[in-house]
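The numbering of the sequence shown is the numbering used here, which starts it at 269 and goes up by one.
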Amino acid sequence: MNVRQAELTRKTKETDITARMVLDGKAERSIDTGIGFFDHMLDHLSKHSGISLRVEAKGDLDVDFHHTVEDVGIVLGELLLEALGDGRGIARYGSVSVPMEETLADCAIDLCGRGALVYNVPVT
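Here is the structure:
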């Protein structure tokens, strides 16, 4: 069986990102975006999904975090798409609810090729 993996570099005026994803990895991870909490969340994503992930990102953090976060998200989506290849042998969609400490995370994914995000979190 081929290893389902992908590597990508994305450079824009605001960011410079190099990342690698191995779907059938051992949740090995090396993450440095310059944004502590974002690194922590990406670390959890790798750890709990079993996906090996390496992300090195440099961005205009002196301006705002959003360029780095947005571009890392784009890169992760592109890596997943490439690593899945033709998608043979996988279900098109799935969902899970995970309680952790005082939170409950619900995640649903549909690999249909159309992007969408629903973010129901109050900002206070």
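No residue lacks a Cβ here, since even glycine has one placed at the ideal position from N, Cα and C.
Boundaries around E338 are those of the alpha helix (DSSP H), 334-352, since no beta strand (DSSP E) includes it. A distance below 8 angstroms separates the beta carbons of D311 and I299.
One thing to note: E296 has its Cβ within 8 angstroms of the Cβ of S320. Where D374 is concerned, the enclosing beta strand (DSSP E) starts and stops at 371-378. Here the alpha carbon of A287 sits roughly 17 angstroms from the alpha carbon of G353. In this structure G304 is not in contact with L329, their Cβ atoms being roughly 11 angstroms apart against a cut-off of 8 angstroms. A384 and D332 have their C-alpha atoms roughly 23 angstroms apart. In its chain, beyond the 5 residues on either side, A376, I377 have a beta carbon closer than 8 angstroms to the beta carbon of G362.
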